[in-house]
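Q: Residue numbers (UniProt numbering), protein chains in the order written: chain A, 1 to 182; chain B, 1 to 182; chain C, 1 to 182; chain D, 1 to 182. Even glycine gets a Cβ: it sits at the ideal position worked out from N, Cα and C. Bear in mind that the values here come from a model prediction, so they are computed numbers and not experimental data. First, the structure itself, so that you have it in front of you.
4 protein chains.
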Amino acid sequence: MARQRTRDTVHRAVLSLAGEGRVGAITMEGIAARAGVSKQTLYRSWASTGAILFDALLARSLDDDGSVVLPDSGDLAHDLEELATGMVAELSDPTHGPLLRAVTAEMQSDDALAEEFRRLLLGPQMKAVSDRLRRGGVAEADDVAELFVGPVLHRWLLRSRPFDTGWVSAHVARTMRAAGVV
Amino acid sequence: MARQRTRDTVHRAVLSLAGEGRVGAITMEGIAARAGVSKQTLYRSWASTGAILFDALLARSLDDDGSVVLPDSGDLAHDLEELATGMVAELSDPTHGPLLRAVTAEMQSDDALAEEFRRLLLGPQMKAVSDRLRRGGVAEADDVAELFVGPVLHRWLLRSRPFDTGWVSAHVARTMRAAGVV
Amino acid sequence: MARQRTRDTVHRAVLSLAGEGRVGAITMEGIAARAGVSKQTLYRSWASTGAILFDALLARSLDDDGSVVLPDSGDLAHDLEELATGMVAELSDPTHGPLLRAVTAEMQSDDALAEEFRRLLLGPQMKAVSDRLRRGGVAEADDVAELFVGPVLHRWLLRSRPFDTGWVSAHVARTMRAAGVV
Amino acid sequence: MARQRTRDTVHRAVLSLAGEGRVGAITMEGIAARAGVSKQTLYRSWASTGAILFDALLARSLDDDGSVVLPDSGDLAHDLEELATGMVAELSDPTHGPLLRAVTAEMQSDDALAEEFRRLLLGPQMKAVSDRLRRGGVAEADDVAELFVGPVLHRWLLRSRPFDTGWVSAHVARTMRAAGVV
DNA sequence: TTATAAGCGAGACGGTACGTCAGGTCTTCCG
DNA sequence: CGGAAGACCTGACGTACCGTCTCGCTTATAA
């Protein structure tokens, strides 16, 4: 509904706000002020700050690559390691990380946002992973994908431990064993 | 600072609010009104709704059993299955589940709360799990505990899929394989 | 900043509150509730209850006559008597009186309000009185104006005695003697 | 009811608070804290901050001279000038002035306080003035006392003008003319 | 060329909640 | 056992945002 120009302005505003600290303190008024846009313009296109954050996140993901593309070298272990390293990097990114954190938080009490998140971001990514696993000969590919991604998010969302080096390789090895392909 | 009587009243209020819908909409004023307590009394003892929710959650956990007690029948697979089933039940509980969801959400932007959560709830529970694994002969017990718990939380926090029956057994089997004890 | 419609609503609310008892108990919240207006709307235009009361008082004064108009019959004694009678009537008015009392009280600890009061209400009125005196041939017109008005306010603010009949004429006579025009 | 020791402590606390700025911001809690006394102790003896301020004011007046004593040299004009100068000095005093200002403000909406003020402070003083006038041969002594004191309070309470030098003498002269004794 | 509208910024508005302060009352506990 | 310490309920404070709404000022088309 909003013109692309407006969307871009808003995205830029949101990213700049997200990059300068407390993502939880992002408000409609703040975004409007930063973007030099009226509140009406925001409400015309988005239902909540969560929706804007998610939209910005999505736009950012699509800027990098039109769709989800995973490494496929033929060597499953190698690809999984590359994949996990990429995830860790993304979650540790000073802009992307907090943004994703905020969206995940809002999802907990916003069903519509959760649905969008699953449909447009999480679903395709999980599917890409399980496809790669399936191509590698893994039987219960969906479940193993979850086994692979779950611990990463556990560590990140529950903020239990930083991602120490060395952990990724060990995790890949464990995943391979669980998948029964080693 | 707050008297035990007051704490109990507040916990009861919070649980009743949590049980009746939108946990994200819980406010200091709402809790005060429901508990028949003044806002000052809340602020004297807790810094945020998140802190109150967490305190209630903790009190509830400690009501059931003074400390973390896990099944220990000697049969690791059997115990893990029981453990996972218990977790799923807890996360699906109409009061406990939403409460935990809200706390997890607030943790994303409240470092102090996150620290408390780790120290008093998550830490001891993860330690209990890894202790049980270690007793069962698992080498990388901490990491395997994460591998075991991670996918459960992934499914629940990202709201990707319900906990279908049969999944638990398969998940335990995969965990055992990853741990190298089968 | 506030629209005239809003100002009017607020003035009406304040006058109704002032008319029904304890002027000292007038609060921002009370005014907002009575006027059916949000607190923000009040704070956007006025700094304190005192400022609102004063604004209402001023609007009320200007409703009656655009500016300060005093009797000018040519007979100074007669005009002063009319003037004093008018003042007494105003101070005894069940709405105007308490309002003025409250504003005077707040002035004692609010410099900005005191300044406004002097500039827009007291100043013009005192000037009108001294102008009339000067036209009547009084030399130290400003000081005599003070001599004329002072005892009225003394009696009213210190709440020493009611305005008994007969006092006004005697007071006018004394003022004329002091002014040296009799 | 309160022991003299306590009363003194509280008076000292009130005076020190009054001397350091915003008299309007004096609170029961503040006085209790400053005096090292519990709130209960205050409420046991005084009904409001106004009552405490007034009590302190009264104690201070009585410290100087047990009762109201006015100059009586035989020369009325001279005595009035001395009296007026004393009043101006008192109203300009950095502690006494603000205290009196605060009490006068609270009187506007506290009938009990107003009654006490009239009975114990204003009444005796006005009576002393009119007695002196009567001794000087003034007929309407009560009214002339009001004529004498009124303009001083007008200037001070309505904060219209500072007490410029020279004004006092002129004011005394006008009062004498009004009283018909010149 | 002039109206006539559509689109948008600005921000007033009624609300809800925030976090704080003080008012009074009541309880606890120490000297 | 009297008084300080302070927890407690209450009510108001002044502020931040919410989501809706009206107002005027462009800017672009239709008379």
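Assign aspartate 165 of chain D to buried or exposed, taking buried as 16 or more other Cβ atoms, counted over all protein chains shown, within 10 Å of its Cβ.
A: With the sequence shown as reference, residue 165 of chain D is identified as threonine, and aspartate is not the correct amino acid for it. That one is exposed.
Q: Could you tell me which of A/Pro71, A/Gln40, A/Arg12 sits nearest to leucine 58 of chain A, measuring between CA atoms?
A: Per the Cα distances, A/Arg12.
Q: Which of the three DSSP states is assigned to valine 144 of chain C in this structure?
A: Of the three classes helix, strand and coil, the one that applies to valine 144 of chain C here is helix, per DSSP.
Q: Assuming contact is defined by CB atoms lying nearer than 7 Å, are leucine 99 of chain C and methionine 107 of chain C in contact in what I supplied?
A: Their beta carbons are not under 7 Å apart, which means leucine 99 of chain C does not touch methionine 107 of chain C by this criterion.
Q: Counting only beta-carbon atoms, is glutamate 146 of chain D nearer than 7 Å to chain C?
A: Yes, its Cβ sits closer than 7 Å to a Cβ of chain C.
Q: Distance, Cα to Cα, proline 151 of chain B vs glycine 19 of chain A?
A: Distance between the alpha carbons of proline 151 of chain B and glycine 19 of chain A is about 30 Å.
Q: Out of A/Glu90, A/Leu70, A/Asp75, which has the shortest C-alpha to C-alpha gap to serine 130 of chain A?
A: Here the closest residue by C-alpha is A/Leu70.
Q: Buried or exposed: histidine 171 of chain D, going by 16 or more other Cβ atoms within 10 Å of its Cβ?
A: By the 10 Å Cβ count, histidine 171 of chain D comes out buried.
Q: Against leucine 62 of chain B, what residues of chain A qualify as contacts under a CB-to-CB distance less than 9 Å, listed in chain order?
A: Chain A residues near leucine 62 of chain B: none, gap ~20 Å exceeds 9 Å.
Q: What in chain C is Cβ-close to alanine 89 of chain D, meaning under 9 Å?
A: Going along chain C, no residue has its Cβ under 9 Å from alanine 89 of chain D, so there is no contact; the nearest lies around 19 Å.
Q: Taking Cβ to Cβ, would you say methionine 176 of chain C is nearer than 7 Å to valine 168 of chain C?
A: Going by C-beta atoms, methionine 176 of chain C is not nearer than 7 Å to valine 168 of chain C.
Q: How long is the line joining the alpha carbons of arginine 22 of chain B and glycine 97 of chain C, rounded to whole angstroms?
A: Their backbone Cα atoms lie some 51 Å apart in a straight line.
Q: Where methionine 1 of chain D and serine 45 of chain D are concerned, what is the direct C-alpha to C-alpha distance, given to the nearest angstrom?
A: At methionine 1 of chain D the pLDDT is 49, less than 50, meaning the model places this residue with poor confidence; the figure from the coordinates comes in the next sentence. Distance between the alpha carbons of methionine 1 of chain D and serine 45 of chain D: 6 Å.
Q: Using 8 Å as the cut-off, can you tell me whether the segment 39–54 of chain C makes contact with the segment 78–94 of chain C, which would need three or more C-beta pairs spanning the two stretches below that distance?
A: Judged by Cβ distances under 8 Å, the segment 39–54 of chain C makes no contact with the segment 78–94 of chain C, as fewer than three pairs qualify.
Q: Can you tell me whether alanine 179 of chain C is buried or exposed, with buried defined as 16 or more other CB within 10 angstroms of its CB?
A: Alanine 179 of chain C comes out buried.
Q: So, helix, strand or coil for arginine 5 of chain D, using DSSP?
A: Three-state result, arginine 5 of chain D: helix.
Q: So, is the C-beta of serine 109 of chain A closer than 7 Å to a C-beta in chain B?
A: Closer than 7 Å to some Cβ of chain B, the Cβ of serine 109 of chain A qualifies, so yes.
Q: How many whole angstroms separate the CB atoms of aspartate 75 of chain B and arginine 132 of chain B, which I take to be in contact at a CB cut-off of 8 Å?
A: With a Cβ gap of about 11 Å, aspartate 75 of chain B and arginine 132 of chain B do not count as contacting.
Q: Distance check for arginine 118 of chain C and glutamate 29 of chain A, CA to CA, integer angstroms please.
A: So the alpha carbons of these two residues sit roughly 40 Å apart.
Q: Does the beta carbon of methionine 1 of chain A sit closer than 7 Å to a beta carbon anywhere in chain B?
A: Confidence at methionine 1 of chain A is low in this model, with a pLDDT of 46, below 50, so its placement is unreliable and the value that follows should be read with caution. False, the Cβ-Cβ gap to chain B never drops below 7 Å.
Q: Find out if the Cβ-Cβ distance for the pair serine 109 of chain A, glycine 123 of chain B is shorter than 7 Å.
A: Going by C-beta atoms, serine 109 of chain A is not nearer than 7 Å to glycine 123 of chain B.
Q: Could you have a look at glutamate 20 of chain B and say whether DSSP puts it in helix, strand or coil?
A: In this structure, glutamate 20 of chain B counts as coil in the three-state DSSP scheme.
Q: Which bits of chain A does histidine 154 of chain B rub up against, with CB to CB less than 8 Å?
A: The answer, in chain order, is Glu146, Val149, Gly150, Leu153, His154.
Q: Run through chain C and tell me which residues come within less than 9 Å of glycine 12 of chain D, C-beta to C-beta.
A: Residue identity check: residue 12 of chain D is arginine in the sequence provided, not glycine. The premise fails here: arginine 12 of chain D is roughly 22 Å from chain C at the closest Cβ pair, so nothing lies under 9 Å.
Q: Which complete alpha helix (DSSP H) runs does the segment 13–99 of chain D hold, if anything under 4 residues is left out?
A: You should have 28–35, 39–45, 49–64, 76–92.
Q: Name the chain C residues that come within less than 9 Å of glycine 24 of chain D, Cβ to Cβ?
A: Correct list: Glu106, Gln108, Ser109, Asp110.
Q: Name the chain B residues whose beta carbon is nearer than 9 Å to that of aspartate 164 of chain A?
A: By Cβ distance, chain B contributes nothing, its closest Cβ being about 11 Å from aspartate 164 of chain A, past 9 Å.
Q: Let me make sure I understand the geometry here. Which of B/Val10, B/Phe148, B/Gly36, B/Gly137 has the alpha-carbon closest to that of glutamate 81 of chain B?
A: The option with the nearest alpha carbon to glutamate 81 of chain B is B/Phe148.
Q: Using only the alpha-carbon positions, how far apart do serine 160 of chain A and histidine 154 of chain B sit?
A: Taking the straight line from one Cα to the other gives about 15 Å.
Q: Among D/Arg60, D/Ala32, D/Ala173, D/Leu62, which has the Cα closest to the Cα of threonine 49 of chain D?
A: The residue with the shortest Cα to Cα distance from threonine 49 of chain D is D/Ala32.
Q: In the DSSP assignment, the alpha helix (DSSP H) including aspartate 131 of chain C goes from what residue to what residue?
A: 123–135 is the span of the alpha helix (DSSP H), which, as asked, contains aspartate 131 of chain C.
Q: For alanine 178 of chain B, go through chain A and note every residue whose CB falls closer than 8 Å to its CB, in chain order.
A: Within chain A, the residues near alanine 178 of chain B are Leu147, Arg174, Thr175, Arg177, Ala178.
Q: Leaving aside the five residues before and after methionine 126 of chain D along the sequence, list all residues of the same chain whose C-beta is less than 6 Å from its C-beta, in chain order.
A: Once the five neighbours on either side are set aside, the close Cβ partners of methionine 126 of chain D are Ala145.
Q: Applying a beta-carbon distance threshold of less than 9 Å, which residues of chain A neighbour alanine 102 of chain B?
A: Under the 9 Å cutoff, chain A gives Gln108, Ser109.
Q: By a C-beta neighbour count over all protein chains shown, 10 Å radius and 16 as the cutoff for buried, is valine 139 of chain C buried or exposed?
A: A quick correction: the sequence has alanine, not valine, at residue 139 of chain C. Classification for alanine 139 of chain C: exposed.
Q: Consult DSSP for alanine 170 of chain A and reduce its assignment to one of helix, strand or coil.
A: Correct three-state label for alanine 170 of chain A: helix.
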